[in-house]
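*Asks:* Which chain is which? The protein sequence lines are A and B, in order.
Position in the first sequence (from 1) plus 4 gives the number in my numbering.
Position in the second sequence (from 1) plus 622 gives the number in my numbering.
Backbone N, C-alpha and C fix where the C-beta goes; we use that ideal spot for every residue, glycine too.
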Amino acid sequence: LSGGLAPPGGLQITAGASGPAACPEGLSGERAAQHYAAIVESSADAILSKDLNGVIMSWNRGAELLFGYTAEEAVGKSVTILIPADRHDEEPKILERVRRGESVDHYETIRQRKDGSLIDISLTVSPIKNERGEIIAASKIARDITESKRAQARQELLLREMDHRVKNLFALSISVLSLSGRSANSVPQLVESAGARLSALARAHALTLSHGPANAPRSTKQTTLHSLIEAIIAPHQGEGESRRLSIVGCDMEISGPVLSSLALLLHEFATNSVKYGALSATAGRVQIHCAARSGTVVINWTELGGPPVTSPIGNHGFGEFLIRATVTGQLGGEISREWKPEGLVIRLSVPRERLTG
Amino acid sequence: MRAPFAGRTVLVVEDDWFVREDIANWFRQEGWMVLEAATGAKALELVREAQTIDVVITDIGLADAMTGWDVAEAVRIMSPEVPVIYASGEPDNDGRRVSEGVFMSKPLTAHDLLLACSRLLSTGR
Chain A
5 LSGGLAPPGG
15 LQITAGASGP
25 AACPEGLSGE
35 RAAQHYAAIV
45 ESSADAILSK
55 DLNGVIMSWN
65 RGAELLFGYT
75 AEEAVGKSVT
85 ILIPADRHDE
95 EPKILERVRR
105 GESVDHYETI
115 RQRKDGSLID
125 ISLTVSPIKN
135 ERGEIIAASK
145 IARDITESKR
155 AQARQELLLR
165 EMDHRVKNLF
175 ALSISVLSLS
185 GRSANSVPQL
195 VESAGARLSA
205 LARAHALTLS
215 HGPANAPRST
225 KQTTLHSLIE
235 AIIAPHQGEG
245 ESRRLSIVGC
255 DMEISGPVLS
265 SLALLLHEFA
275 TNSVKYGALS
285 ATAGRVQIHC
295 AARSGTVVIN
305 WTELGGPPVT
315 SPIGNHGFGE
325 FLIRATVTGQ
335 LGGEISREWK
345 PEGLVIRLSV
355 PRERLTG
Chain B
623 MRAPFAGRTV
633 LVVEDDWFVR
643 EDIANWFRQE
653 GWMVLEAATG
663 AKALELVREA
673 QTIDVVITDI
683 GLADAMTGWD
693 VAEAVRIMSP
703 EVPVIYASGE
713 PDNDGRRVSE
723 GVFMSKPLTA
733 HDLLLACSRL
743 LSTGR
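#1: Could you check what DSSP says for P261 (chain A) in three-state terms: helix, strand or coil?
#2: Select from the region 325-345 of chain A all residues with a C-beta closer than 7 Å to any C-beta belonging to chain B, and list them in chain order.
#3: Kindly list, in the order they appear in chain A, the residues whose Cβ is closer than 8 Å to that of D676 (chain B).
#4: Distance, Cα to Cα, E68 (chain A) vs S62 (chain A)?
#5: Measuring only the C-alpha atoms, how far is T228 (chain A) from N276 (chain A)?
#6: Quick one: what's Y280 (chain A) bridged to in DSSP?
#7: With a threshold of 8 Å on Cβ separation, who are the neighbours of A738 (chain B) within its own chain once the five nearest residues in sequence on each side are excluded?
#8: E45 (chain A) to L86 (chain A), Cα distance in whole Å?
#9: Is the region 51-60 of chain A touching the region 141-150 of chain A in the sense that three or more CB pairs, one from each, lie closer than 8 Å?
#10: When you compare each of A:N134, A:S32, A:I60 to A78 (chain A) by their alpha carbons, which one comes out closest?
#11: Check the Cβ-Cβ distances between K728 (chain B) and every residue of chain A, and say whether any is below 9 Å.
#12: What does F725 (chain B) pair with, by DSSP beta-bridge criteria?
#13: My guess is that A4 (chain A) and L232 (chain A) are in contact by the Cβ rule of under 8 Å, so how many angstroms apart are they, rounded?
#14: Which term fits G653 (chain B), buried or exposed, when burial requires 16 or more other beta carbons within 10 angstroms of its beta carbon?
#15: Beta carbons nearer than 9 Å to chain B: which residues of the region 244-272 of chain A have them?
#16: Identify the contact partners of V641 (chain B) in chain C, using a Cβ-Cβ distance below 7 Å as the criterion.
#17: For L176 (chain A) versus A198 (chain A), is the C-beta spacing smaller than 9 Å?
#18: Report yes or no: do three or more beta-carbon pairs, one from the region 343-358 of chain A and one from the region 638-651 of chain B, lie closer than 8 Å?
#19: Three or more C-beta pairs under 8 Å: does that hold for the region 699-715 of chain B against the region 655-664 of chain B?
#20: Alpha carbons only, please: which of B:D638, B:T680, B:V697 is nearest the one belonging to E667 (chain B)?
#21: When the Cα of I178 (chain A) is compared with those of B:T674, B:I645, B:T631, which residue comes out closest?
#22: What number of angstroms, rounded off, separates the C-alpha of T286 (chain A) from the C-alpha of P192 (chain A)?
#23: Of all the options A:K118, A:S264, A:E357, A:P311, which has the alpha carbon lying nearest to the alpha carbon of K81 (chain A)?
#24: For L183 (chain A), which residues in the same chain have their Cβ closer than 7 Å to its Cβ, ignoring the five residues on either side in sequence?
#25: Give the residues of chain B in contact with L308 (chain A), contact being defined as C-beta atoms less than 8 Å apart.
#26: Measure the alpha-carbon distance for R642 (chain B) versus E636 (chain B) and round it to whole angstroms.
#27: Based on the DSSP output, what are the partners of S231 (chain A) in its beta bridges?
#28: Taking 9 Å as the threshold (beta carbon to beta carbon), is G711 (chain B) in contact with chain A?
#29: Run the CB neighbour count on M566 (chain B), radius 10 Å, all protein chains shown included, and call it buried at 16 or more, exposed below.
#30: In chain A, which residues lie less than 8 Å from N647 (chain B) when you measure between Cβ atoms?
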């Protein structure tokens, strides 16, 4: 066995103070020792033993793979070759526990490979006793937990982002409710308008969570212009042949900061159409055409088949205010509306960099 | 009856238009003068141009590279005494708060902020 893996000096391999390990059935003496040695040698975990002064006595194949030292290089050296300089104080404490007959279980720490790189490991150290029950060495099992640490860090990052996003969405919801209340004429109207706006926001933000396999963690993802429009108009969209809104033209990813604004803006277009425009009539249709040219994204919202429309006079409601302020303020764009006899045509132009971040 | 702090000026630094608009509406309704900025750069421009700013409310994440922490520090260089309220969904970072800076965690209502400003101007904390 490489590196003198067989327990030196006829040692019993024991599990701390729990007494000698049971021999496999039908095996005894040398064959049992070989059996255990084979288990150790084939383990993917690094398994080594060290004396009570911290000198390495045995070194398995897993240790070679994890730390980069061969058994010949490691055996006889101090175990401190594996310990980064800023953690050298750990070893005396571990040895002290071992001398007292105590184990160190699943201690998460950092060790150093032969090439100097650092690895996150979970460490279990247990005393090894001789036939008289005296503690003469320690076994050490090190498991590489670098990947699980990375996964944990990714999860924590995602949770922080979600926490931030949830707080901001609630803040936005409070503002939408408050602003809607300023132009509502009655409580039912406020409930209807604010509820619909919040629902549009919820649909928009649902797009930003990707849905992987059922047991995989969700992550954030980029939303595209088409998918956002599709989500916002969904309540007004029919099925199959009776689909009432069509989306054509170029598509692009849109950045998080403008997602809410664009969602609420599109919601106002759709809501106005349902109340006064093409979507108020059974045969009404809306074509939404997206084009990108010279750094500008142009969205043309064309209504057809609805009742004759005329320019609203003195419309100072929140919806109208939202449209103007969102386009010029949040999106840095322009909007023009033409109330043609056959239907309203909205032309929204937004700098591409604002939209895509 | 005239609101107690009517005529005072608040600078609202918030990148989300809806949230900023809601806050501005509440303060205007109470007779405050409201200066609005979505970015740190715009906020500092307003501070340089303004005759007086009585209180600053700033989000942490803004629409440009500056943060609310940067804005508050820069504002205090120009106006060392001005009260500052940080209003954000991001974690508080005590170490970066300006002296006597108040941190309020989102979500909160514009009315909460109005009360906090009134309290700051009345008591200094």
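*Replies:* Straight from the coordinates:
#1: helix
#2: A329, T330, G333, Q334
#3: Result: empty, since nearest Cβ-Cβ is about 23 Å, beyond 8 Å.
#4: 11 Å
#5: 24 Å
#6: Looking at the DSSP assignment, Y280 (chain A) forms no beta bridge with any residue, so it has no partner.
#7: I707, V724, M726.
#8: Answer to the nearest angstrom: the Cα atoms are 20 Å apart.
#9: yes
#10: A:I60
#11: yes
#12: DSSP, once it has assigned bridges, lists B:Y708 as partnering F725 (chain B).
#13: One cannot answer for residue 4 (chain A) here, as it falls past the ends of chain A, which runs 5 to 361.
#14: exposed
#15: P261, S264, S265, L268
#16: Here the protein chains are A and B, and chain C is not one of them.
#17: No. Outside cutoff.
#18: no
#19: no
#20: If you compare the alpha carbons of B:D638, B:T680, B:V697 with that of E667 (chain B), the shortest gap goes to B:V697.
#21: B:I645
#22: 25 Å
#23: A:K118
#24: Same-chain partners within the cutoff: F322.
#25: Chain B residues near L308 (chain A): none, gap ~31 Å exceeds 8 Å.
#26: Their backbone Cα atoms lie some 6 Å apart in a straight line.
#27: Answer by DSSP bridge pairing: none, since S231 (chain A) is not bridged.
#28: yes
#29: Any answer about residue 566 (chain B) is impossible in this case: the structure gives chain B only from 623 up to 747.
#30: Residues of chain A passing the Cβ test: S182, L183, R186.
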